[in-house]
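Notes for the one structure printed next.
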Amino acid sequence: FGSSSRLKEPNLWTRRSSSCGPLRFSHLPMADSWKFETLDVQRDVATGVMEVALNRPKELNAFNPAMWIDLRKCFDAASSDPDTRCIVIHGGPCRLFTAGLDLKAELMGGAFKQEASVDLSRKAMRMEPTITRCQEGITALERCRKPVIGAFHSGVIGAGVDLASACDIRYCSEDAWFQIAEVNVGLAADVGTLQRLPKIVGNDSVVRELAFTGRKMASVEAKELGLVGKIFATREDCLAAARKVAQEIASKSPVAVVGTKVSLNYSRDHSVQEGLEHIKQWNSVHLLSEDVMKAAQAIMMKSKPEFSKL
2 FGSSSRLKEP
12 NLWTRRSSSC
22 GPLRFSHLPM
32 ADSWKFETLD
42 VQRDVATGVM
52 EVALNRPKEL
62 NAFNPAMWID
72 LRKCFDAASS
82 DPDTRCIVIH
92 GGPCRLFTAG
102 LDLKAELMGG
112 AFKQEASVDL
122 SRKAMRMEPT
132 ITRCQEGITA
142 LERCRKPVIG
152 AFHSGVIGAG
162 VDLASACDIR
172 YCSEDAWFQI
182 AEVNVGLAAD
192 VGTLQRLPKI
202 VGNDSVVREL
212 AFTGRKMASV
222 EAKELGLVGK
232 IFATREDCLA
242 AARKVAQEIA
252 SKSPVAVVGT
262 KVSLNYSRDH
272 SVQEGLEHIK
282 QWNSVHLLSE
292 DVMKAAQAIM
302 MKSKPEFSKL
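Under my numbering, the letters of the sequence shown match residues 2 to 311, in that order.
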């Protein structure tokens with residue numbers, strides 16, 4: 002649960018041609034805003050697809066303090082990046098998608114390591130920013146205006162379930178398994194799983210069972226519950242499918258895609274009537290976009306529309 006692995010990880014995620022065609026990732030130096038300690042970010046400006054890989058393979062992609070911050074910075078930047086229209090997040094070459102919280106990194110420093118003489122209330126107030134930092138790292142995926150597709154393989158433990166719950170679309174390989182493991186280390190999950198997962202799967206009983214017991218949930222059960230949309234034989238197949246769907250989404254009107262995500266997220270947390278009022282106000286402005294006419298003309302001309310960057 003956050004321990005390091007010295008095993009050599011297989012190189013299973015190299016970008017190559019697939020049924021959706023080759024992705025033309027540039028290997029030119031990236032701007033400083035796309036360089037992160039714990040993430041590997043690749044942007045394909047031609048298609049508008051960004052790939053984000055968790056990048057701590059020796060530590061089984063365990064979440065340390067830097068990763069929470071990197072996730073927030075990366076997805077906040079992607080949200081306003083005109084060259085990014087859809088994002089794929091995956092576990093890179095690591096044996097697991099993530100081992101969850103890096104207990105050694107988190108518990109041995111920061112707010113967890115305080116003098117015994119410090120008053121309990123003051124300890125708690127110093128702890129709050131630490132929890133907020135973690136929550137913001139995951140919420141950044143949901144808050145990002147661009148759709149986020151998660152491609153999961155092998156173990157998706159603890160914080161990995163938090164991350165999955167914040168994605169818009171979730172695919173996994175057959176060997177994937179999900180575990181709300183926080184209860185096994187003496188704490189209640191506090192980064193989003195308990196808030197988002199019940200709304201995703203719609204089965205309160207199973208969510209409570211998973212959260213109370215910390216048991217593993219296999220890929221088949223995850224699909225039956227609705228946590229993932231599709232299961233693929235291998236991680237390569239899963240990632241290829243995620244890339245293909247990302248390219249398709251990126252080809253649509255960015256105004257329409259952003260508006261759709263905004264409305265879906267708003268409607269999830271509000272009544273049907275409130276959701277209708279919200280999208281009415283949104284479209285009162287954005288139906289005037291040039292994208293509507295471009296899409297209509299493309300349909301009539303049986304051609305592929307090209308939309309301007311946001």
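Virtual Cβ for every residue (Gly too), placed ideally from N, Cα, C. Quick caveat, the model's predicted, so the values are computed rather than measured.
Where residue i falls, given that 16 or more other Cβ within 10 Å makes a residue buried
i: GLU278; result: exposed
i: GLY227; result: exposed
i: PRO83; result: exposed
i: GLN248; result: buried
i: GLY187; result: exposed
i: HIS271; result: exposed
i: LYS303; result: exposed
i: PHE76; result: buried
i: ASP205; result: exposed
i: MET68; result: buried
i: GLY203; result: exposed
i: THR133; result: exposed
i: SER220; result: buried
i: ARG209; result: exposed
CB of residue i within 9 angstroms of CB of residue j, strictly
i: CYS135; j: PHE179; result: no
i: ILE150; j: ALA243; result: yes
i: ARG144; j: ALA251; result: no
i: GLY230; j: ARG171; result: yes
i: ILE181; j: LEU97; result: no
i: SER155; j: ALA234; result: no
For residue i, the three-state DSSP class (helix, strand or coil)
i: SER174; result: strand
i: THR214; result: helix
i: ASP45; result: strand
i: VAL259; result: helix
i: CYS168; result: coil
i: LEU40; result: strand
i: ALA219; result: strand
i: LYS310; result: coil
Backbone CA spacing between residue i and residue j [nearest angstrom]
i: ALA296; j: GLU129; result: 47 angstroms
i: ASP45; j: MET51; result: 6 angstroms
i: ARG236; j: VAL207; result: 26 angstroms
i: VAL89; j: LYS245; result: 10 angstroms
i: ALA190; j: THR39; result: 22 angstroms
i: SER254; j: ALA78; result: 20 angstroms
i: THR48; j: SER264; result: 24 angstroms
i: MET294; j: LEU311; result: 16 angstroms
i: LEU61; j: GLU107; result: 15 angstroms
i: LEU29; j: VAL42; result: Low local confidence applies: a pLDDT of 34 at LEU29 is under 50, so the model's placement there is unreliable, with the coordinate-based value given in what follows. If you take the alpha carbons of LEU29 and VAL42, they lie about 12 angstroms apart.
i: SER285; j: ALA167; result: 28 angstroms
i: GLU307; j: MET126; result: 51 angstroms
i: GLN298; j: ALA152; result: 34 angstroms
i: LYS262; j: ARG269; result: 11 angstroms
Worksheet entry | Segments of 3+ residues assigned as beta strand (DSSP E) that fall wholly inside the region 47 to 111 | Positions of the beta strand (DSSP E) runs, each at least 3 residues long and wholly inside the region 47 to 111, are given as 50 to 55 and 87 to 91 in order along the chain.
Discussion item. My parser needs the beta strand (DSSP E) runs of 3 or more residues fully inside the region 115 to 194; what are they?
Written reply: Segments of the beta strand (DSSP E) lying fully in the region 115 to 194: 149 to 153, 156 to 158, 170 to 174 and 178 to 180.
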